[in-house]
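Residue 64 is where the sequence shown starts when you use this note's numbering, and the numbers rise one by one after that. Positions of the beta carbon are idealized from the N, C-alpha and C atoms, including for glycine. The model shown is predicted, which means the values in this text are computed figures rather than measured ones. One structure is given below, encoded as structure tokens.
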Amino acid sequence: MASNQDVQEVLNTLSTLTAGAANADSKAFAESFSAAIAQHSAEAEAAAIAAVAAATSAPGDVTHNHEQLQRIAEQHQQDVEQDKQGQHKGDKSQEESTISQDDHHQQVLQHIATAAAEASSTLATVPITPVPAPPPPAKPVAGSAEWHKMRRDNHKEVERRRRETINDGINDLSKAVPNCDKNKGSILRQAVKYIQTILAENERLAGEVELLATSKLDLDKFILEKSVAEATYQTLSVQHEQLKRDYDELREKMGELEPHVAKKQRVD
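So, in structure tokens, the structure goes:
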């Protein structure tokens with residue numbers, strides 16, 4: 064990963080130099096870049112080939128390749144600055160040569176990028192040897208001093224956890240039971256009394272609940288009897304009204320028949 068970053072820095076430096084020179088003075092850049100490429104093209108191509116060979120053979124030589132590429136970039140930057148100061152405007156032929164030389168410069172950059180890609184792929188294929196885990200500590204021999212010490216330590220840990228559990232339980236009791244002291248014995252005695260009181264109260268409430276259940280049954284029985292009595296009363300009321308109407312009708316009929324009966328008796 065370090066070699067890829069180094070090569071990328073060199074590529075960024077060359078790209079920055081190219082962009083800066085083109086923005087400052089295109090013709091001056093053409094002449095300066097032409098001279099720089101003519102002088103260092105062979106060196107750049109040789110450095111790119113050497114970088115590929117070094118990456119495929121030994122990953123430790125990547126630093127040397129980075130130094131060569133960095134020197135090319137620095138030399139090219141110096142040449143561009145010197146040529147910009149000593150050169151003047153050129154003609155159309157110089158611009159055409161600049162275009163061809165720019166193409167050659169792009170080819171050099173492409174060779175360098177290819178070398179960087181091959182170097183990264185070579186480094187990626189290097190096998191990584193896993194570090195073995197340390198072996199677990201061996202158990203002490205039974206009956207040895209270390210074995211007895213381990214047993215004592217384990218016993219102390221178990222006893223500590225037991226005391227911690229008991230203390231937590233007593234603390235919970237002290238929070239639940241009212242009017243408790245800080246003494247553990249007092250807390251336990253008060254908790255026993257509190258539990259006995261709760262049990263007695265539960266028994267009393269259970270008796271009351273049973274009594275209320277019996278009373279509810281009696282109340283339901285009385286309500287049922289009342290409903291039956293009301294229904295019977297309603298039936299008798301209807302019958303009474305019917306008998307009263309029948310009585311009135313018979314009385315009217317008897318009133319109509321009385322004159323005829325009296326007249327008949329007089330005739331006889």
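CB contact flag (residue i, residue j, <8 Å)
| i | j | result |
| --- | --- | --- |
| residue 245 | residue 233 | no |
| residue 250 | residue 236 | yes |
| residue 242 | residue 253 | yes |
| residue 203 | residue 209 | yes |
| residue 240 | residue 257 | yes |
Cβ-based burial, residue i [other Cβ within 10 Å; buried from 16]
| i | result |
| --- | --- |
| residue 290 | exposed |
| residue 135 | buried |
| residue 121 | With a pLDDT of only 44 at residue 121, under 50, the local geometry of the prediction cannot be trusted, and no value is derived from it. |
| residue 330 | exposed |
Residue i - containing alpha helix (DSSP H), residue span
| i | result |
| --- | --- |
| residue 269 | 247–330 |
| residue 212 | 208–239 |
Minimum Cβ-Cβ distance from residue i to chain B less than 8 Å
| i | result |
| --- | --- |
| residue 142 | Note that chain B does not occur in the displayed structure, where there is just one protein chain. |
The ligand FAD heavy atom lying under 7 Å from the CB of residue i
| i | result |
| --- | --- |
| residue 231 | Absence of the ligand FAD from the depicted structure is noted, as is the absence of any ligand whatsoever, leaving it without description. |
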